[in-house]
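Numbering (our numbering), first residue to last: 3 to 347.
Don't be surprised by glycine CBs; every beta carbon is placed ideally from N, CA and C.
Below: one structure, written as C-alpha cells.
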Ligand SMILES: *Cc1c(COP(=O)(O)O)cnc(C)c1O
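Here it is in C-alpha cells:
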C-alpha cells in the first residue's frame, strides 16, 4: 500500500573512515553481497515517522528528536555505529524540503508522508561479528489514504509459545529482528478475523503481562474497585516494550489535561483486564503508534474468553477520542506546541 518516492538520502560508514558525506540520490535498488551482515544476522534497525501538511500550510514532523535518539539506541543494541541525532534530523528535513512539496501540496492540509530512516550493516564477510561497514538511508513513502476503522480493532491475545520480547532481549529497540518472528502469529490472527496480536509475556509467578499490540503500544482504561478511573500502559523500565513517541505523548497529555483520570505506567496482567470486564469496570482499550495513530479496540479474545468493548459511532472509545483530537491539533494545527517541528521548504 506504499508508493516509494524519489529521491533518497544515503550515507555509508566504515570502522576506519567513519561516516561519508550524505548524498541525495534518485530512488533505486541497493547493491549488496548475498552474505551481507544485515541479510544474514538481522543487523538492521529503522525509524518510522510522518511529515504532516498542516492546516496553516506548514510541513511538520512530530517530535522527530525522539525518533532520532531512538534510532541511536536501536543501532547501539545491535552494534551498529551511532549517527548523530541532530544530523539525522537535518538529513530528514533536507529530503522533505526537496520532495514533500510535490506530494503534499500546500493547499491539501491533512495529508502526510511516511519517513523511514534505516541503518544496516553491510559487511560481506560471513563472520558473526561486530559490523565494520554500515549504510544509512532515508526513504519517503506515501500511504494510500486509509479509512479509520469505524468498527474498532479486534485483538487476539498471544499464546504462551510465542513471545514478542523478553527480559534481557531487545523489545525496546526498533530492530528488524523484532518483526519477522511475529508474522506467523499475526498471519494466524488475521486468518481468524482479528486485526492484531495482543502480546502477552508469561511472568515467573504464572501471570501474563500485557505488553503491546501488533507494532503499537497498548493502553487500557478501567475503574478501580474504589471507583477511580485509571488509564494504564506498560512501563519502559524493564525494556520489554518500545518507547513509542505516540505512547509518550499520550501519557504526557493525559497527565496534563485529562480530568479525573490517573495515568499509570506499570506492569499489568491479562487477569486484571478479565476481572475488570467481569466486574463491569472495563472502560476502553486502544493502541498507539505513528503508523495507525490511536485506534480503539472493540474486542479482545483471550483463550475462550471474548471481551467486548463499546465504541461510539466514529469507532472511538471516550478517552481515545479526546486524546486523538488533541494530538491532531498539534500535528496539523492550530494548537502550537514545541512538539511540532516545522520543516522549511
Ligand atoms: C514503532 C513501534 C511502536 C510505536 O512507536 P511510535 O513512536 O509511536 O510510532 C510501538 N511498538 C512497536 C513494537 C513499534 O515497532
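Can the beta-carbon of residue i be found closer than 8 Å to that of residue j?
i           : j           : result
residue 335 : residue 56  : yes
residue 75  : residue 175 : yes
residue 272 : residue 202 : yes
residue 326 : residue 299 : no
residue 144 : residue 105 : yes
Which same chain residues, not among the five before or five after residue i, have their C-beta less than 6 Å away from its C-beta?
i           : result
residue 85  : 138
residue 172 : 79
residue 309 : 279 and 302
residue 13  : 21, 22, 24 and 138
residue 135 : 16, 124 and 125
residue 220 : 214 and 289
When we look at the beta-carbon of residue i and count the other beta-carbons within 10 Å, is it buried (16 or more) or exposed?
i           : result
residue 3   : Bear in mind that a pLDDT of 41 at residue 3, under 50, signals an unreliable position, so the model cannot answer this.
residue 126 : exposed
residue 19  : exposed
residue 107 : exposed
residue 153 : exposed
residue 11  : buried
residue 63  : buried
residue 185 : exposed
residue 286 : buried
residue 24  : buried
residue 341 : buried
residue 259 : exposed
residue 187 : buried
residue 33  : exposed
Just to confirm my understanding: we take residue i, look at its own chain, exclude 5 residues before and 5 after, and list those with CB closer than 7 Å. What are they?
i           : result
residue 307 : 276
residue 67  : 87 and 91
residue 30  : none
residue 110 : 55
Which same chain residues end up closer than 8 Å to residue i when comparing Cβ atoms and leaving out the 5 residues on each side of it in sequence?
i           : result
residue 230 : 264
residue 77  : 47, 83, 84, 85 and 121
Considering Cα atoms alone, identify which of the options is closest to residue i.
i           : options               : result
residue 61  : 89, 180, 116 and 282  : 116
residue 42  : 343, 130, 160 and 257 : 130
residue 89  : 132, 103, 102 and 22  : 22
residue 119 : 177, 135, 294 and 281 : 177
residue 49  : 225, 167, 244 and 103 : 244
residue 65  : 59, 54 and 134        : 54
residue 228 : 282, 292 and 128      : 282
residue 162 : 170, 304, 97 and 59   : 304
residue 347 : 59, 155, 37 and 208   : 59
Is there at least one non-hydrogen atom of ligand 2 closer than 7 Å to the beta-carbon of residue i?
i           : result
residue 249 : By its list of ligands, the structure shown excludes ligand 2, since it contains just ligand 1.
Query - Three CB pairs or more closer than 8 Å across the segment 235–254 and the segment 207–217 - result: Short answer: they touch.
Query - the segment 88–99 / the segment 192–210 touching (three or more Cβ pairs under 8 Å) - result: The segment 88–99, when compared against the segment 192–210, does not touch it at the 8 Å Cβ threshold.
Report task. Please confirm if the segment 244–256 is in contact with the segment 304–319, defined as three or more CB-CB distances below 8 Å between the two stretches. Result -> Using a Cβ-Cβ distance cut-off of 8 Å, the segment 244–256 and the segment 304–319 are not in contact, since fewer than three pairs of beta carbons, one from each stretch, lie closer than that value.
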